[in-house]
Amino acid sequence: MDNLKGMAWMTLAMLGFALTDMVLVFATRELPLGQILFLFGIGGAVLFGIWARLQGHRWLSPVLLMRPVMLRNAAEVLATGAFLVALSLIPLSTLSAVIQANPLLVTLGAAVFLGEKVGWRRWLAIGVGLCGVLVILRPGAEAFDPNILFAVAAAVGLSLRDLATRPVPKHVPTTLLASYSFAAVGLTGALVLVIFGSWVTPSPAMAVTLPAAVLTGMLAYFAITAAMRVGEIAVVTPMRYTRLVFAFVIAVVVFDETIDPMTILGVAIVVATGLYTLWRERQAAR
1101 MDNLKGMAWM TLAMLGFALT DMVLVFATRE LPLGQILFLF GIGGAVLFGI WARLQGHRWL
1161 SPVLLMRPVM LRNAAEVLAT GAFLVALSLI PLSTLSAVIQ ANPLLVTLGA AVFLGEKVGW
1221 RRWLAIGVGL CGVLVILRPG AEAFDPNILF AVAAAVGLSL RDLATRPVPK HVPTTLLASY
1281 SFAAVGLTGA LVLVIFGSWV TPSPAMAVTL PAAVLTGMLA YFAITAAMRV GEIAVVTPMR
1341 YTRLVFAFVI AVVVFDETID PMTILGVAIV VATGLYTLWR ERQAAR
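Residues 1101 to 1386 in this note's numbering are what the sequence shown spells out, letter by letter.
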């Protein structure tokens, strides 16, 4: 195992995802939700489908009808749709902060739905971490924005997707799973377009940047896969939090956002408890 190389791959992946988020923010300002879902989903499905084919896998496979795969696709639709809506309504920094609750939610979901054993220390960490999320959300406060609930829905969707991935047999290729998820997102976008009928001709700049976002996201996906293969999971996984650093820099420099102290406090709590949970999982595995 080469942990240093794995950490570098993971950091590169988080940079790629942050840049993809930046482009999608611009896309939400110009194109309707259904169109973004359709273009982004179909683009990702085609690219990952070609990748899977180069690996020797057939796209039309019985794997598509497996229950965990279907649940994973549904969770991907929820996560992507809620994420894009949140991008159009709340600051990127706030959305990125809420998304950091994903490791905690996955641990919680694994205990509740998959019957995994979670000791009292991790239960305590989950509780403290969710309190950190409440610090970010500030429900009942004057500064509370109901639109932030879309970010919560996106975090829940991402966690459900990760949980649904666990029962998928190991022989099912990651590229095929990714292609199916993107296809589900694209088909959902097509349905939204049929219902609301709001296709908009992209500007020349958007016609270039949106495909670039698909490629950036795909390269990030490749990098995260490489990270998991060359480094120890317990060492590499914490580098996921670098996405928050990149997102905050982009939010401040590109979108002129201001990150308030309460958000920073909430993020610190969530990240600290997330790292502790990962560490405890490593100890439990030993």
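Quick reminder that beta carbons are idealized off the backbone N, C-alpha and C, glycines included. All figures in this text were calculated on a predicted structure; none of them were measured in a lab.
Between the Cα of residue i and those of the options, spot the shortest distance and give me the residue it belongs to.
i: Pro1311; options: Leu1115, Pro1132, Leu1147; result: Leu1147
i: Ala1118; options: Leu1375, Pro1361, Ala1320; result: Ala1320
i: Arg1382; options: Gly1227, Ala1108, Arg1222, Phe1126; result: Arg1222
i: Gly1317; options: Ile1226, Thr1265, Arg1343, Val1294; result: Arg1343
i: Val1314; options: Gly1286, Ile1295, Arg1167, Thr1325; result: Gly1286
i: Met1362; options: Arg1158, Pro1304, Arg1266, Gly1232; result: Gly1232
i: Arg1340; options: Ile1248, Ser1161, Ala1201; result: Ala1201
i: Thr1373; options: Pro1338, Val1352, Pro1168; result: Pro1338
i: Thr1288; options: Ala1182, Ile1350, Trp1159; result: Ala1182
i: Leu1263; options: Ser1303, Ala1174, Asn1247; result: Ala1174
i: Ala1096; options: Phe1346, Leu1375, Val1353, Val1352; result: An answer regarding residue 1096 cannot be provided, because it is not within the stretch 1101 to 1386 covered by the chain.
Between residue i and residue j, what straight-line distance do the alpha-carbon atoms span, to the nearest angstrom?
i: Val1212; j: Trp1379; result: 20 Å
i: Val1218; j: Ile1190; result: 34 Å
i: Ile1136; j: Leu1214; result: 33 Å
i: Arg1172; j: Ala1145; result: 15 Å
i: Ile1199; j: Ala1127; result: 20 Å
i: Pro1203; j: Leu1195; result: 15 Å
i: Gly1209; j: Gly1141; result: 26 Å
i: Leu1291; j: Gly1134; result: 8 Å
i: Leu1205; j: Ile1226; result: 8 Å
i: Leu1115; j: Phe1244; result: 29 Å
i: Val1367; j: Asp1102; result: 29 Å
i: Gly1229; j: Gly1143; result: 36 Å
i: Thr1301; j: Tyr1280; result: 27 Å
i: Ala1278; j: Pro1132; result: 24 Å
i: Trp1299; j: Leu1104; result: 46 Å
i: Ala1283; j: Leu1365; result: 38 Å
i: Gln1155; j: His1271; result: 13 Å
i: Val1371; j: Pro1239; result: 20 Å
i: Leu1249; j: Leu1184; result: 12 Å
i: Val1268; j: Leu1160; result: 17 Å
i: Pro1168; j: Thr1275; result: 16 Å
Going along the chain, which residues of its own chain have a beta-carbon closer than 6 Å to the beta-carbon of residue i, five neighbours each way excluded?
i: Gly1106; result: Ala1327, Val1330, Gly1331, Val1336
i: Ala1251; result: Ala1186, Leu1195, Val1198
i: Glu1130; result: Met1306
i: Ala1109; result: Looking at the sequence provided, one finds Trp at residue 1109 rather than Ala. Contacts found: Ala1323, Ala1326, Ala1327.
i: Glu1216; result: Ala1210
Within a Cβ cutoff of 8 Å, which residues of the same chain sit near residue i, ignoring the five residues on either side of it in sequence?
i: Thr1309; result: Val1123, Phe1126, Ala1127
i: Phe1348; result: Ser1193, Ser1196, Ile1359
Shorter than 9 Å from the beta carbon of residue i to some beta carbon of chain B?
i: Phe1126; result: Within the model displayed, chain B is absent; a lone protein chain is all it includes.
The region 1243-1261 contacting the region 1168-1181, beta-carbon criterion three pairs below 8 Å: Between the region 1243-1261 and the region 1168-1181 there are three or more inter-stretch CB-CB distances shorter than 8 Å, so the stretches are counted as touching.
Meets three-Cβ-pair contact criterion under 8 Å: the region 1350-1360 and the region 1145-1161: With a cut-off of 8 Å, the region 1145-1161 and the region 1350-1360 do not count as touching, because too few Cβ pairs lie within range.
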